[in-house]
Each structure stands twice: as structure tokens, then as C-alpha cells.
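Asks: Heads up, the first sequence is in my numbering, so the first residue is 2 and it goes up one at a time. The beta carbon of each residue, even a glycine, is placed where N, CA and C say it ideally should be. Structure provided below as C-alpha cells; questions to follow.
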Amino acid sequence: MDLVIQCQPMSDPTHPPADAFDDPFFAAAAADAGAGAERSRAAERLLEGLNTAQMDAVSADEGPVLVLAGPGSGKTRVLTHRVAWLIEVFGVPPWQIMAVTFTNKAAREMRLRLERLVGPAALGQVTIGTFHAICARILRIEAETLSFDGNFVIYDSDDQERLVKRALDEMNLDPKQFRPSAILGAISNAKNELVRPEAYTPATYWHEIAGRVYTRYQQLLRNSNAVDFDDLLLETAELLRQNAAVRDKYRARYRHVLVDEFQDTNTAQYALVKALAAAEVPDAPHNLFVVGDEDQSIYRWRGADYRNIERFRRDFPSPTTVILEQNYRSTQTILDAARAIIDRNAHRTPKALWTERGHGQGIQLFEAYDESEEAAFVVHQIEKHVRSGGKFGEMAVMYRTNAQSRTIEDALVRKRIPYQLVGGTRFYDRREIRDVLAYLRLVHNPLDEVALQRVINVPTRGIGDKAMATLHAAAGACGVPLWPALQLIAADELAEVSPAAAAVTVDARTLKALGSFHDLLARLIAAREQLDVTALLGAILDNTGYAKHVRDGTDEGEERWENVVELRNVAVDFEAMPPREGLAALLESVALVADVDALDAKASADRVTLLTLHAAKGLEYPTVIITGLEEGSIPHSRSADDPDGLAEERRLFYVGVTRAERTLILVRAHRRTVYGTTDLREPSRFLLDLPVEVMAEPPAPATGIRGTPVHSRGTQWGDRGRGGGSDVGRTSGASRGADPRNVGRGASSAGGPGSAPGGASTFRPGDKVTHPTFGEGVVVTASQRDGDEEVTVAFVGAGVKKLMQSFARLERVR
DNA sequence: TGTTAACTTATTTTT
DNA sequence: TAAGTTAACA
């Protein structure tokens with residue numbers, strides 16, 4: 002069976018070699034003895050060091066393959082070895098292989114590891130990329146068959162929101178009632194489900210409005226010659242569905258498709274993969290190799306549907322199925338804990354994670370009084386770790402929401418502990434970067450109205466609301482986008498277009514302001530043909546006055562300028578290309594790469610990592626501290642009302658737990674201040690699922706403590722959760738005992754061995770005290786306010802002096 | 001046109 | 001609480 006390859010490689014301008022036209026499987030069978038020997042050597046090399054399940058996956062026959070990969074089970078290894086296997090053992094030409102990931106980071110990782118296996122030459126021919134990057138490439142190549150221009154720009158969420166606001170504004174809709182972000186969410190959901198505006202069927206009045214906005218939004222996008230992230234997937238999936246010629250071309254080209262993180266695919270992505278892998282063509286080999294873990298699906302709110310794994314089983318009957326259960330990351334104790342958590346989720350293939358690493362230490366649970374004590378405890382653990390020879394870089398602190406990082410950051414800063422925050426404001430989200438990019442985009446594509454609106458008056462050029470109203474009026478009257486309208490105004494040719502356009506009055510001052518902006522942009526557009534990207538960027542910064550605008554003499558201005566310089570460094574990579582191409586490539590790269598890898602050199606430094614549970618996926622640390630294990634945070638209050646949401650929160654916790662290699666520390670606070678109000682917090686229901694066997698022994702109570710150990714064991718949680726009278730972990734500090742608001746639920750049930758005394762005893766400076774975590778100390782200051790006692794204590798432990806405020810469980814030493 | 005004061009609204013986030 | 005937005009004001 003010979004296959005005719007009709008298309009050229011996308012990634013590589015060179016044509017496929019002539020001998021690549023052979024079908025790989027038959028070619029393999031017919032290979033001569035010499036090649037056969039070489040292949041068996043390759044096979045041996047590629048299977049070396051793998052476990053049986055991994056070998057099964059890597060060496061699976063043609064046809065659909067489903068790999069269910071537990072956390073830490075060597076999934077990336079399997080994926081890369083599989084690609085190498087296809088090339089070196091099955092003799093598949095590398096350009097017939099497509100490997101799809103969700104993030105650039107995963108794509109990069111795969112490339113890196115694959116290079117070591119197959120060498121740079123073969124690697125260069127394999128298509129490896131994110132869904133979005135691959136789709137963008139296909140759409141640009143197939144532009145002539147599409148209804149929009151192949152030079153499209155890619156709008157990110159900020160651009161999208163501006164467009165939705167514009168649409169709402171035009172339609173006279175109240176942005177309060179129809180919040181742009183919510184509308185955008187509805188639009189995104191529709192697109193992820195492959196629903197175009199005309200097919201959108203609203204369930205409510207609100208959705209009916211959302212549907213209308215969707216229609217207008219889509220027009221505005223196309224007017225600007227722009228697509229959004231969801232469009233990349235939808236348009237590509239639809240293209241492959243509707244255009245048989247294009248579909249066949251890519252099917253013929255990509256005989257092998259591999260997908261990572263399959264549980265995170267949405268409907269559009271699934272459709273895409275399915276179309277490429279020829280699911281509905283019975284005789285074609287369905288060479289689709291997917292790797293996923295339904296237990297690590299944490300992006301449901303983004304349209305991800307782990308049930309695509311089930312769909313895969315249905316659409317690609319009897320796939321080779323491999324379950325990777327051996328874990329190479331964590332201790333058995335951590336795996337047992339993880340399993341106890343995840344086993345409570347329904348609709349999943351149970352996995353029994355195991356390791357040869359042994360049990361290691363028990364899981365610690367600390368109950369802080371409030372978030373500042375939580376932070377103090379975190380700091381304490383970090384210092385302890387480092388004091389005993391550990392490194393900052395071995396530790397990670399995880400939380401549910403970004404806002405929770407603040408108190409921890411504060412504590413770390415005070416103690417001068419080096420840390421690295423994952424997330425936060427991304428480089429490309431900074432105002433100055435967005436401004437400069439808007440100029441670049443505008444020069445590349447003057448129809449980009451979001452970009453135009455953004456910079457037309459930055460720095461100020463006397464183009465305010467009035468001038469913009471005039472411009473919009475002119476555009477409307479002429480029936481053209483803003484840029485052509487601006488050209489007409491500048492050339493004073495409005496009157497020649499139509500009577501309506503002639504009626505638009507442009508006063509002298511407005512004409513001058515608009516005219517000079519037009520000339521500026523026109524000059525830059527002319528320059529884009531001559532100057533390479535870096536030079537063009539320099540010209541923009543000088544001629545628009547933006548450089549001066551940013552460097553306003555303040556420190557902040559300098560910082561912003563440094564970011565601009567950083568962007569210029571990114572542009573240097575595209576300098577060698579022909580001017581237009583370089584500009585286009587830079588913009589594409591910037592749109593599809595969220596994190597600037599060139600910038601995170603500091604990531605490798607020895608720092609504690611702070612990150613959300615979501616951001617933790619795919620990472621691992623010797624010690625993991627998960628904070629905020631309370632109802633309302635984990636599970637988050639927003640997910641509390643629906644079972645699917647709760648199941649996802651459970652998976653999120655599971656992901657966090659399985660990041661730990663050796664030490665797992667869980668922290669909750671009795672009370673937490675959120676949005677300015679302090680609430681008592683119940684322990685997370687997920688804590689109740691931890692069996693007592695996986696928990697560490699609670700440390701001996703500190704001297705003089707009438708209360709209870711800080712660390713507790715699982716079953717005690719159980720008692721507590723069911724409303725039992727256990728007082729475990731209760732704040733028993735004499736300083737707090739008098740205030741019922743300060744006492745957790747377990748404690749409010751009277752009695753128990755450590756019941757708080759009736760009256761609050763007042764500390765005085767000089768008093769010796771103990772704290773279960775921080776040991777002995779001396780009171781420095783003490784004051785009373787609203788029945789709450791504020792105590793500052795100098796702890797002297799292991800040569801480190803700590804100054805803390807507001808302690809629970811503080812006891813005077815007699 | 002820029003500044004200030006009142007007012008609103010709060011997950012998770014890659015592409 | 002705090003950030004971000006809008007409305008009112010100089």
C-alpha cells in the first residue's frame with residue numbers, strides 16, 4: 002500500500018525525502034536484515050530502564066493507544082520514547098509525526114528530551130507544538146480556503162474583553178447586567194463546543210443577549226482581521242470537518258498523532274484530533290496515541306472534559322490500553338494519602354499507585370490560629386528545613402487562590418527568605434508591553450482596532466473622546482474600518498465618499514490631531530518594509546514618543562522601560578528574518594507564548610516556590626506545604642454547590658498532594674480574613690479522608706500547654722467532622738479563651754481535657770511563654786483590644802529570634 | 001483633560 | 001481589604 006503525500010511539511014521548508022513515501026509498517030516488515038538489526042538495537046536502547054507497563058506503551062502496535070498515567074509515572078518519558086520508537090524501530094519518517102501538548106513548556110520539554118533520543122535532525126522534522134500553535138499554522142497555510150485573511154492577529158483575553166465592551170456599548174447594553182467577562186465566558190464555552198453564533202441556542206434571556214453579543218463580537222474580530230484563542234481551535238476543527246481535500250492532506254501527512262494531557266481536551270480539541278486521526282475511516286490506521294489522567298483534570302471551567310477519554314474508547318474501538326501505576330516521585334505514604342483522597346471520586350478507572358521508595362515520613366497537619374500564624378508556621382518550616390541542611394529550592398508552598406500568597410509573601414519578605422512566585426502579572430500583560438505590542442500590531446495590521454484604540458492617544462496627542470467620536474462617525478458614514486476612515490480624514494476626502502460622510506464635521510483641532518497621528522502611523526507602515534523588527538521597534542519607540550512617555554523620571558518609569566528593553570531582546574530573535582516576516586513571527590510568538598522563558602533564568606535559583614494548586618500540575622518538590630485546607634478554600638466556596646465542581650476540587654487537592662516527593666505538610670487556619678471580613682473556618686472535608694496511618698505522630702505537647710497537640714491524626718478529624726466533641730487542634734491559648742469568636746467548632750463544645758479557662762489571663766512583658774510550634778519565648782509587649790489580646794513574643798529557638806504577634810495556643814510558663 | 005471620590009466586586013489560567 | 005472602574009469635578 003503506497004500513500005501519496007500531497008503536502009509539504011509545515012515546520013520544515015524542505016520536502017519529505019523520496020523514500021518516505023513507504024508505509025512505515027509495511028516498510029518495517031520488508032526491511033532488509035541490516036536495517037532489522039539496527040532496529041532491534043534501537044528497540045533495546047529505547048526500552049532500557051522502563052518498567053513493563055511503560056514498555057507496553059512505548060512498543061505498542063499500530064492503532065489507537067490509550068495510556069492512563071498516574072502522577073509521577075514517567076508519562077513524558079513514555080511519550081518521548083514512543084516518538085523515538087516510531088522513528089527508529091517502526092521506521093516512520095519523522096515528519097509524519099505530530100505531538101500535541103497544552104503548554105509551550107510541555108512542548109519544549111518534549112523537544113529537549115527527544116533531541117537526546119533521536120538527534121536534532123530527526124527532531125527538526127517532527128511537528129511538536131501546542132494545540133493553538135499547530136492550529137495557527139494550519140490556518141495560515143490554508144488561508145485561501147478560509148473566509149478570513151491569513152495574516153490574522155491573535156487576540157488574547159484582554160483584547161477580547163475590549164471587543165466585548167465595544168459590542169455592549171454599541172448595543173446599548175448595561176455592562177453591569179451583562180458583565181463582559183461573563184459574556185466572554187459564554188462565548189468561549191460556545192466556541193469550545195464548536196457552536197458558532199448562528200447555531201447558538203440560548204437557554205435564558207441572559208444567554209439570548211450573550212448570543213447577540215457573540216454575533217457582533219465575531220464581526221468585530223473579523224473586521225480587525227483577528228481571531229481569538231478559541232477561534233484557532235474552532236476554525237481548524239471546522240476546516241478539517243468541512244473541507245475533505247484539506248483533511249485528507251493532513252491525514253496523509255500526519256500518520257501518527259500523539260496527544261499529551263488528554264484529560265484536558267475540550268470538545269473542539271477532541272474533534273480536531275479525531276478528524277486528524279481519521280476515526281470515521283474504518284480501514285485507515287488510527288495511529289492515535291493519547292496520554293492522560295482523569296484524576297488530574299482540573300480545567301473543567303475552561304471547557305476541558307476528562308470524559309473525552311471515554312469518548313476516545315468509543316470512537317477508537319479496543320485501543321491498546323496501558324495503565325502506568327508505578328510512581329517514581331513520592332513515598333508510599335504520600336501515595337496512600339493521595340489514593341484515599343481520589344478514591345472517593347466516581348466515574349474513574351481506579352489506579353493503585355505504588356512505589357519502591359518506601360514509606361518515608363508521615364504527613365503533618367498544622368492548625369494555625371489564623372492566616373498570619375499559618376504564614377509564621379510556613380516560615381518556621383522553611384527555616385527548619387534549611388537549618389538542617391536543606392535548600393530553599395526544595396520547597397514549595399501551594400494554595401488555592403492567588404490572593405492567599407500575600408500573607409505568606411509578607412512573612413517571607415520579613416525573614417528575608419528567597420522565594421519565587423509562580424503566576425502573578427505575566428510579562429505580556431504589563432501595560433507598557435501591551436502598549437508597545439499594540440504599536441507593532443498596528444503597524445503590521447492597521448485594521449487592528451483594539452490596538453488602534455489602545456495607542457491612538459498614548460502618549461497623549463489631543464485625541465480624546467470627541468476626536469474618537471468624530472473618527473467613529475466617519476468610519477460609520479463611509480462604512481469602513483477606523484484606519485481607512487482616518488486616511489480619508491487626513492486626505493480631506495470624506496466628502497467624496499458619500500453625502501453622509503460629507504456631513505461629518507471635523508473641526509480644525511481634531512483634524513490636526515488625527516492628521517498627525519495618521520502621518521505617524523503611515524510613516525511607520527512604510528518603514529515596516531525596510532526595517533528589521535528590532536529597528537522597527539526602535540523607530541516606534543522614538544517616533545511615537547513612547548520611550549519618553551515611559552521614562553518619566555520615576556523609578557517605576559525606569560522599571561517599565563527595562564521591560565520594554567526586555568521586549569526588544571525578544572525581538573532580536575526575529576531580526577535576521579525579512580522585515581515583514583520577522584514582524585509577523587514576533588507577533589505570533591508573543592501571542593502564543595504566555596511566559597517569557599528568556600526571562601525566568603531566576604527560576605533555577607535556590608528559592609522557595611509559591612504557587613497555586615493549578616500551577617503546580619506537572620511539577621514536583623521534595624517538600625510540599627499546602628495551605629488553607631479549609632471549607633471555602635479547598636473546596637472553594639464557588640464550587641461547593643455542585644458535585645462536579647466538588648469532584649474537581651478533590652482532584653485539585655490530589656494534584657497538590659502528589660507533587661510531594663518526601664515531605665507533605667498540610668496547614669489550615671481556624672479563622673481567615675477574606676475580603677476584609679474574618680470568618681471561622683471549618684477544616685476541609687478532604688482532610689477527613691486521610692487515614693490515620695498516613696499521618697505523622699503528633700509531637701509531644703509543649704510544656705505547660707493545657708490544650709492539645711497542634712498536629713492531629715486523621716480519625717480525630719473524622720470525629721470532629723461529624724460533630725464529635727474532640728478538641729483536637731483547638732485554640733486553647735489563654736489569651737483567646739475568653740472570646741467565643743476565637744474558638745473553633747470542636748472547641749465550643751464544652752469540656753474536653755484541654756478546655757479553656759473561663760477568664761482571659763493577661764500577659765505582661767517579661768513573661769515566659771511557650772508555643773507548641775515555636776517553643777519558648779518571652780513576651781515583649783501585650784495589650785488588650787475588644788477582648789482580644791495582642792501579644793508580641795520574642796522566641797529564642799535554635800539561635801533564631803522570632804517576633805510574632807497574635808498567638809493562639811500561647812501558654813505562660815510558671 | 002487629568003484628578004479625585006464613590007462604588008463595586010472579588011477562583012482556578014494556558015493559549 | 002484592595003484593586004479596579006465609573007462618575008463627578010476642577
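Report the start-end ranges of each alpha helix (DSSP H) in the segment 149-221 that is 4 residues or longer and not cut off at the edges.
Replies: 158-171 and 181-193
Asks: Apart from the five residues on each side of it in sequence, which residues of its chain come closer than 6 Å, Cβ to Cβ, to SER225?
Replies: LEU448, ASP449 and GLU450
Asks: Roughly how many whole angstroms lie between the Cα atoms of ALA200 and LEU169?
Replies: 20 Å
Asks: Hey, quick one: how far does the alpha helix (DSSP H) through GLY120 stretch, first residue to last?
Replies: Taken as a continuous stretch (DSSP letters only), the alpha helix (DSSP H) holding GLY120 covers 105-126.
Asks: Roughly how many angstroms separate the alpha carbons of GLU812 and ASN346, rounded to a whole number?
Replies: 42 Å
Asks: Taking its Cβ as the centre, do 16 or more other Cβ atoms sit within 10 Å of ARG455, making it buried, or is it exposed?
Replies: buried
Asks: Looking at C-beta atoms only, is the number of pairs between the segment 497-505 and the segment 518-528 that lie closer than 8 Å three or more?
Replies: no
Asks: Is it true that the CB of LEU273 sits closer than 8 Å to the CB of LEU222?
Replies: no
Asks: Report the rounded CA-to-CA distance for GLU262 versus LEU113, giving the unit in angstroms.
Replies: 18 Å
Asks: Can you tell me whether DSSP reads GLU812 as helix, strand or coil?
Replies: Note: GLU812 maps to strand in three-state DSSP.
Asks: Determine the extent of the alpha helix (DSSP H) in which HIS82 is found, giving its start and end residues.
Replies: 76-89
Asks: Please classify GLU1: is it buried, with 16 or more other beta-carbons within 10 angstroms of its beta-carbon, or exposed?
Replies: The structure shown does not extend to residue 1, since the chain is modelled only from 2 to 815, so the question has no answer here.
Asks: Taking the C-alpha atoms as reference points, what is the distance between VAL459 and VAL505?
Replies: Distance between the alpha carbons of VAL459 and VAL505 is about 25 Å.
Asks: How many Å lie between ALA439 and GLN362 at the Cα?
Replies: 53 Å
Asks: Evaluate PRO318 with the Cβ neighbour count: other Cβ atoms within 10 Å of its Cβ, from every protein chain shown; 16 or more gives buried, anything less gives exposed.
Replies: exposed
Asks: Considering only residues of the segment 555-602, which uninterrupted alpha helix (DSSP H) runs meet the minimum length of 4 residues and lie entirely inside it, listed in chain order?
Replies: 556-573 and 580-593
Asks: Measure the Cβ-Cβ separation of LEU665 and ILE364 and say whether it is below 8 Å.
Replies: yes
Asks: Which residue from TYR218, ASN173, THR81 and ALA616 puts its Cα closest to that of ALA191?
Replies: TYR218
Asks: On the three-state DSSP scale, how would you describe GLY633?
Replies: Of the three classes helix, strand and coil, the one that applies to GLY633 here is strand, per DSSP.
Asks: Using only the heavy atoms of the ligand SAM, determine whether one of them is closer than 7 Å to the beta carbon of MET396.
Replies: As for the ligand SAM, it is missing from this structure, which has no ligand bound.
Asks: So which of VAL481, LEU325 and GLN488 has the shortest CA-CA distance to VAL68?
Replies: For the set VAL481, LEU325 and GLN488, the Cα lying nearest the Cα of VAL68 is the one of LEU325.
Asks: Using the rule of at least 16 other Cβ atoms within 10 Å of the residue's Cβ for burial, across every protein chain shown, is TRP302 buried or exposed?
Replies: exposed
Asks: Label THR205 either buried or exposed according to how many other C-beta atoms from any shown protein chain fall within 10 Å of its C-beta, with 16 as the threshold for buried.
Replies: Under this definition THR205 is an exposed residue.
Asks: Please look up how many angstroms separate the CB atoms of ARG673 and GLU372, rounded, as I've assumed it's under 8 Å.
Replies: 5 Å
Asks: Is PRO500 helix, strand or coil by DSSP?
Replies: helix
Asks: Starting from the C-beta of LEU620, find all residues in its chain whose C-beta is less than 7 Å away, skip the five residues before and the five after it, and write them out in chain order.
Replies: ARG660
Asks: Drop a sphere of 10 angstroms on the beta-carbon of PRO644, count the other beta-carbons inside from all chains shown, and report buried for 16 or more, exposed for fewer.
Replies: exposed
Asks: Return the residue from the list PRO286, PRO623 and VAL93 that minimises the CA-CA distance to GLY818.
Replies: Since the displayed the chain opens at 2 and closes at 815, residue 818 lies outside it and no answer follows.
Asks: Between which two residues does the beta strand (DSSP E) carrying HIS257 extend?
Replies: Here the beta strand (DSSP E) through HIS257 covers 257-260.
Asks: Take the Cβ of GLY75 as the centre, count every other Cβ of all protein chains shown within 10 Å, and call the residue buried at 16 or more, exposed below.
Replies: buried
Asks: Could I get the ranges of all uninterrupted beta strand (DSSP E) runs contained in the segment 311-338, with 3 residues as the minimum, in chain order?
Replies: 321-325
Asks: Answer with buried or exposed for ALA799, where buried requires no fewer than 16 other C-beta atoms within 10 angstroms of its C-beta.
Replies: Residue placement at ALA799 cannot be trusted, given a pLDDT of 30 that sits under 50; what the coordinates show is reported in the next sentence. That one is exposed.
Asks: So the candidates are ALA107, ASP337 and GLU49; which of them puts its Cα closest to the Cα of HIS82?
Replies: GLU49
Asks: Go ahead and pull the three-state DSSP assignment for ILE457.
Replies: coil
Asks: Rounded to whole angstroms, what is the Cα-Cα separation between ILE139 and THR237?
Replies: Cα to Cα, the separation comes out at about 7 Å.
Asks: Quick one: Cα of GLY425 to Cα of ASP62, how far?
Replies: 44 Å
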